[in-house]
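Quick notes on the structure that follows.
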Amino acid sequence: MHRVSFLFIGAGILLQAQNADLILINGKILTVDPKDSIAEAVAISSGKIIAVGSNQDVKKLAAKNAQVIDLHGRTATPGLIDSHCHFQEAAVLYDVEVSDPSIKQIADVVKLVEKKIASLKPGQWVRGSGWDEGKFAELRYIYASDLDRVTPNNPVWLEHTTGHYGVANSAAMKLAGLTRETKDPPAGTIDRDANGQPTGVLKESAQDLVRHLIPPYTHEQQRNGLLRIMSDFNKEGMTAVKNPGIVAADWDLYRELLAEHKLTVRIFALWLGGTTVQSTREALQHIASLPKPPQSFDGLLLSGGVKIFMDGSGGARTAWMHDEWNKNSTGKDTGNRGYPKTNPEVYREMVRMIHNAGVHVSTHAIGDRAIDWVVDTYAQVLQEKPAKGLRHGIIHCNTPTDHAIDTMARLQKEYDAGYPELQAPFTWWIGDNYAGNLGPERALRLIPLKTFLAKGILWAGGSDYPVTPYPARYGIWSSIERKTLKGVYGSQPFGTAESVDVHVALRSYTAWAARQLFLEDKIGSIEPGKDADIAVWDRDLYSMPSDEIQNLKCELTLLHGRVVYQAK
């Protein structure tokens with residue numbers, strides 16, 4: 005940590021600095037620059053940071069009519085970045101929300117569904133999301149039998165918080181023609197009772213048996229959901245996001261709001277590559293006509309690359325593992341090691357196609373066997389066609405083997421590739437679920453940040469919203485504390501050996517995350533020459549008790565020097 009008195013770059017910048025139109029003074033500025041410098045003040049001109057240093061020096065640079073924001077000793081950081089967030093809140097606006105921690109048991113969910121039914125006509129769909137059996141007193145899935153009593157005339161689909169499984173009621177299964185004779189689809193599981201009858205729980209591709217019947221959100225609903233989440237991000241000091249798995253309609257909506265000057269969060273979009281060579285080819289066709297990062301539309305919208313899948317979910321125990329999944333921590337899910345979501349050889353060809361096109365790829369990989377396959381694939385295609393700077397990512401990267409960790413370290417050093425894009429809040433929000441499924445020994449390897457740091461591996465922090473809440477303060481806190489929400493298997497079943505300190509945790513949601521958005525020259529730290537994406541907080545992250553970081557309050561957010569949120 006280094007205190008700075010004054011910084012500037014270049015004579016041209018210094019001349020411009022004499023006419024700063026906005027200055028922040030009397031603050032504790034956590035710059036997250038390479039020296040982790042701390043300053044008092046920041047000078048900004050036309051949305052760019054032109055000086056960082058002492059109050060005295062920065063005040064000299066202000067134009068006569070400059071706006072002055074007195075921080076009164078408050079702490080400022082770079083705008084926080086989410087490197088993996090499904091960037092949409094239409095579900096919050098229009099669906100049954102069943103993720104609230106006040107929901108203690110399955111009966112609470114049923115009551116919410118019953119309340120929604122009262123506002124619908126017979127035959128209309130009830131759609132909801134956010135449940136997690138790890139948070140219920142029963143510690144089990146919701147089943148169709150739980151829902152049927154209050155939903156005799158309406159089909160219901162409730163998505164699990166992970167998005168990798170959900171539950172349908174009997175009316176929905178009837179519409180889908182789903183019976184005990186229905187076979188599991190490829191890379192999917194129909195959960196069944198002891199008599200072979202479907203319970204209503206559908207995992208991975210089996211979800212599509214029902215989901216394809218549900219009316220999609222309208223354009224207006226999608227628009228409202230996007231506007232809502234941008235506003236909510238800004239309230240949390242968040243200014244940039246990497247949004248995985250978009251399709252053409254999403255991109256068109258981003259362009260629409262960009263043209264209306266309504267984007268208040270920078271969006272780095274990954275196109276959905278699907279699970280086949282053909283679906284990957286179609287994604288690349290969308291990308292071909294668009295600028296490659298770091299080129300962007302007005303610095304706010306980037307067509308970043310392709311997202312593809314290697315496996316499933318740690319919550320559903322469908323992620324591809326070397327060893328059997330556990331149940332209830334010490335039990336075994338006998339014979340279940342999960343499975344690939346994409347045929348491994350097909351996956352390898354998809355990555356080769358994306359890489360050879362000079363396009364960035366990030367792969368969803370949760371299980372240790374899946375992660376091994378992904379990093380070995382990256383190593384293979386990079387050896388075949390060496391290229392630096394594509395920064396291929398490993399999304400989630402939950403339980404990497406020693407082999408995977410060593411391979412990531414080598415790929416980063418040699419090719420600027422192989423970066424974990426991970427979510428520390430998994431240890432918290434779905435931590436009770438994960439602790440039960442991983443078991444006591446394997447749980448200690450979950451999200452091994454300290455090991456990454458020791459090996460020189462950089463990572464980007466995220467939320468995977470709606471899997472976990474998106475405020476990045478939760479991710480910073482979870483990186484340090486590694487506490488579960490309910491403490492079903494103890495408050496820290498993942499241990500603290502893989503914890504990092506607040507300086508590293510903040511960097512993973514700022515400077516390092518900016519790299520995985522290819523925007524490290526523009527955002528991620530408070531330095532001269534960068535855009536003024538800045539968040540102001542009620543307390544100092546570096547000196548407050550780490551366990552209280554989860555309760556931080558954002559009081560001001562700037563995007564490119566413009567106030568996009570101010571607390572009342």
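Using this note's numbering, the first residue of the sequence shown is number 5, and each one after it goes up by one. Cβ atoms here follow ideal geometry from the backbone N, Cα and C, with glycine treated the same way. Quick caveat: nothing in here was measured; it's all calculated off a predicted structure.
Buried or exposed: which applies to residue 445, given that a residue is buried once 16 or more other Cβ atoms fall within 10 Å of its Cβ? Walking along the sequence shown from the start, residue 445 turns up at place 441. Flag for residue 445 reads exposed.
What did DSSP end up calling residue 539 once you bin it into helix, strand or coil? Your numbering for residue 539 matches position 535 in the sequence shown. Here residue 539 sits in strand by DSSP.
Cβ-Cβ separation, residue 463 to residue 423 (assumed contact under 8 Å), whole Å: Stepping through the sequence shown from its first residue, residue 423 is reached at position 419. Stepping through the sequence shown from its first residue, residue 463 is reached at position 459. Right, the Cβ-Cβ distance comes to about 6 Å (below 8 Å), so this counts as a contact.
Quick one, which of 407, 548, 570, 535 has its alpha-carbon nearest residue 35's? Along the sequence shown, one-based indexing puts residue 35 at 31. If we check each option's Cα against that of residue 35, 535 comes out closest.
Does residue 342 come out as helix, strand or coil in the three-state DSSP assignment? Looking up residue 342 in the sequence shown gives position 338. Three-state DSSP puts residue 342 in coil, outside helix and strand.
Leaving out the 5 sequence neighbours to the left and right, which residues in its chain are closer than 6 Å to residue 374 when beta-carbon positions are compared? Here residue 374 refers to the residue found at position 370 of the sequence shown. Same-chain partners within the cutoff: 314, 315, 324.
Along the beta strand (DSSP E) that carries residue 249, what are the first and last residues, could you check? In the sequence shown, counting from the first residue as 1, residue 249 sits at position 245. Start and end: 242-250.
Is it a yes or a no for the stretch 389-399 touching the stretch 417-431, going by three-plus beta-carbon pairs under 8 Å? yes
Measuring straight from C-alpha to C-alpha, what distance separates residue 167 and residue 264? Here residue 167 refers to the residue found at position 163 of the sequence shown. Here residue 264 refers to the residue found at position 260 of the sequence shown. About 31 Å.
So the beta strand (DSSP E) residue 238 belongs to, where does it begin and stop? For this step, residue 238 is matched to residue 234 along the sequence shown. Per DSSP, residue 238 belongs to no beta strand (DSSP E); it is in the alpha helix (DSSP H), 223-239.
Under the rule that 16 or more other beta-carbon atoms within 10 Å means buried, what is residue 21, buried or exposed? Walking along the sequence shown from the start, residue 21 turns up at place 17. Note that residue 21 has pLDDT 42, beneath the 50 cutoff, so the model's placement of it is unreliable and the number below is only indicative. Residue 21 comes out buried.
Between the C-alpha atoms of residue 186 and residue 524, what's the straight-line distance to the nearest angstrom? As a working note, residue 186 is residue 182 in the sequence shown. As a working note, residue 524 is residue 520 in the sequence shown. Their backbone Cα atoms lie some 50 Å apart in a straight line.
According to DSSP, which residues form a beta bridge with residue 207? Mapped onto the sequence shown, residue 207 falls at position 203. Answer by DSSP bridge pairing, in chain order: 169, 193.
Residue from 132, 322, 66, 72 with nearest C-alpha to residue 100: Position 96 of the sequence shown holds residue 100. For the residues 132, 322, 66, 72, the minimum Cα distance to residue 100 belongs to 132.
Bounding residues of the alpha helix (DSSP H) (the contiguous stretch that carries residue 291): Taking the first residue of the sequence shown as position 1, residue 291 is located at position 287. From DSSP, the alpha helix (DSSP H) with residue 291 extends over 281-292.
Taking contact to mean at least 3 C-beta pairs separated by less than 8 Å, is the stretch 548-567 in contact with the stretch 228-244? yes
Beta bridge counterpart(s) of residue 562 as assigned by DSSP: Here residue 562 refers to the residue found at position 558 when the sequence shown is read from its first residue. In DSSP, residue 562 forms a bridge with 538, 567.
Measuring straight from C-alpha to C-alpha, what distance separates residue 14 and residue 386? The residue you call residue 14 lines up with position 10 of the sequence shown. The residue you call residue 386 lines up with position 382 of the sequence shown. In this prediction, residue 14 scores a pLDDT of 35, lower than 50, which makes its location untrustworthy; the coordinate-derived value is nonetheless stated afterwards. Those two C-alpha atoms are separated by around 37 Å.
Short of 6 Å in beta carbon distance, which residues of its chain neighbour residue 181, apart from the five on each side in sequence? Order them along the chain. One-based indexing of the sequence shown puts residue 181 at position 177. Hits under 6 Å: none found.
Assumed close pair residue 367, residue 399 - CB separation to whole angstroms, cut-off 8 Å: The sequence position of residue 367 within the sequence shown is 363, counting from 1. The sequence position of residue 399 within the sequence shown is 395, counting from 1. Residue 367 to residue 399, Cβ: 6 Å. Contact.
Can you list the alpha helix (DSSP H) stretches of 4 or more residues lying completely in the stretch 74-137, in chain order? 94-98, 110-121
Member of 189, 454, 179 whose CA lies at the smallest distance from the CA of residue 346: On the sequence shown, residue 346 is found 342 positions in, with the first residue counted as 1. Nearest option by C-alpha distance: 189.
Paired residues, beta bridge with residue 367 - DSSP: Residue mapping note: residue 367 aligns to position 363 of the sequence shown, counting from 1. Residue 367 pairs with 312, 398.
If you scan the stretch 492-542 from start to end, which runs of the beta strand (DSSP E) of 3 or more residues do you find wholly inside it? 538-541
With distances taken from CA atoms, which of 439, 404, 476, 496 is nearest residue 455? Counting from one through the sequence shown, the residue named residue 455 turns up at place 451. Nearest C-alpha to residue 455: 404.
Selected residue, minimal CA-CA separation from residue 165, among 193, 40, 318: As a working note, residue 165 is residue 161 in the sequence shown. The shortest Cα separation from residue 165 among 193, 40, 318 belongs to 318.
Helix, strand or coil at residue 459 according to DSSP, with G and I counted as helix: Numbered from its first residue, the sequence shown carries residue 459 at position 455. If DSSP states are grouped into helix, strand and coil, residue 459 belongs with coil.
Using three-state DSSP, classify residue 572 as helix, strand or coil. The residue you call residue 572 lines up with position 568 of the sequence shown. Of the three classes helix, strand and coil, the one that applies to residue 572 here is coil, per DSSP.
Taking the alpha-carbon positions, what's the residue 255 to residue 545 distance? Here residue 255 is taken as the residue at index 251 of the sequence shown, counted from 1. Here residue 545 is taken as the residue at index 541 of the sequence shown, counted from 1. So the alpha carbons of these two residues sit roughly 35 Å apart.
Three or more beta-carbon pairs under 8 Å between the stretch 469-485 and the stretch 89-99, yes or no? yes
Please report the Cβ distance between residue 529 and residue 150, rounded to the nearest whole angstrom; I am assuming they are in contact, meaning their Cβ atoms lie under 8 Å. The residue labelled residue 529 in the question sits at position 525 within the sequence shown. The residue labelled residue 150 in the question sits at position 146 within the sequence shown. That pair is no contact at about 49 Å.
What's the C-alpha gap between residue 440 and residue 179? Mapped onto the sequence shown, residue 440 falls at position 436. Mapped onto the sequence shown, residue 179 falls at position 175. Whole-angstrom Cα-Cα distance: 34 Å.
Given residue 397 as reference, the closest of 547, 426, 123, 200 once Cα atoms are compared: Locating residue 397 in the sequence shown gives position 393, counting from the first residue. It is 426.
Just the Cα atoms here: how many angstroms apart are residue 356 and residue 141? For the purposes of this step, residue 356 is identified with residue 352 of the sequence shown, where counting begins at 1. For the purposes of this step, residue 141 is identified with residue 137 of the sequence shown, where counting begins at 1. The alpha-carbon atoms of residue 356 and residue 141 are separated by roughly 46 Å.
Could you check the C-alpha separation between residue 565 and residue 490 for me, to the nearest Å? By 1-based counting over the sequence shown, the position of residue 565 is 561. By 1-based counting over the sequence shown, the position of residue 490 is 486. Distance between the alpha carbons of residue 565 and residue 490: 40 Å.
Can you say whether residue 572 is buried or exposed, counting buried as having 16 or more other CB atoms within 10 angstroms of its CB? Working through the sequence shown from its first residue, we reach residue 572 at position 568. Residue 572 should be labelled exposed.
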